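Novice:
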Amino acid sequence: MRTQPVVCSLDSSPKSPRVLIEYCTGCRWGLRAAWMAQELLVTFEKELGEVALRPGSESGVFNVWVDSQQVWNRKESHRFPELKEIKRAVRDIVEPEKSLGHSDK
737 MRTQPVVCSL DSSPKSPRVL IEYCTGCRWG LRAAWMAQEL LVTFEKELGE
787 VALRPGSESG VFNVWVDSQQ VWNRKESHRF PELKEIKRAV RDIVEPEKSL
837 GHSDK
């Protein structure tokens, strides 16, 4: 008995709100970006429409956007964000009343 193939439809229009994490591939920051994306998906499972990872074309880049609003730029900040900083920035845009528990402290 043959099973039916599973068909997955990729919608070309991004779901909003959308978080985009752009990272430097040469610096090997993909795992850090993926970890941060996973944490955001767990924290904002009902609030976010999409979290995307984008390999950066510029050396040393680590940027985070919520829709069209940039909430982190590593080159301007001269450091990586703490996860709670990104969670707060995302929360303040997508669900300002949401409690982040220990990340709010």
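Plus 736 on top of the position in the sequence shown (first one is 1) and you've got my numbering. Ideal placement from N, C-alpha and C gives every residue a C-beta, glycine not left out. Small disclaimer: the values here were computed from a predicted structure and weren't measured.
1) In three-state terms, what does DSSP make of G762?
2) Can you give me the C-alpha to C-alpha distance between E821 and T739, rounded to a whole angstrom?
3) According to DSSP, simplified to helix, strand and coil, what is L767?
4) Check the DSSP bridge columns for L789 and list the partner residues they point to.
5) Going by alpha carbons, who is nearest to N759 out of F780, S839, P817, P753?
Specialist: In this structure, then:
1) Mapped onto the sequence shown, residue 762 falls at position 26. It is coil, neither helix nor strand.
2) Taking the first residue of the sequence shown as position 1, residue 821 is located at position 85. Taking the first residue of the sequence shown as position 1, residue 739 is located at position 3. Cα-Cα distance, rounded: 47 Å.
3) Here residue 767 is taken as the residue at index 31 of the sequence shown, counted from 1. In the structure shown, L767 sits in a helix (DSSP, three-state: H, G or I).
4) Residue mapping note: residue 789 aligns to position 53 of the sequence shown, counting from 1. Answer is I757.
5) One-based indexing of the sequence shown puts residue 759 at position 23. Asn is not the amino acid found at residue 759; the sequence shown has Tyr there. Checking every option, the nearest Cα to that of Y759 belongs to P817.
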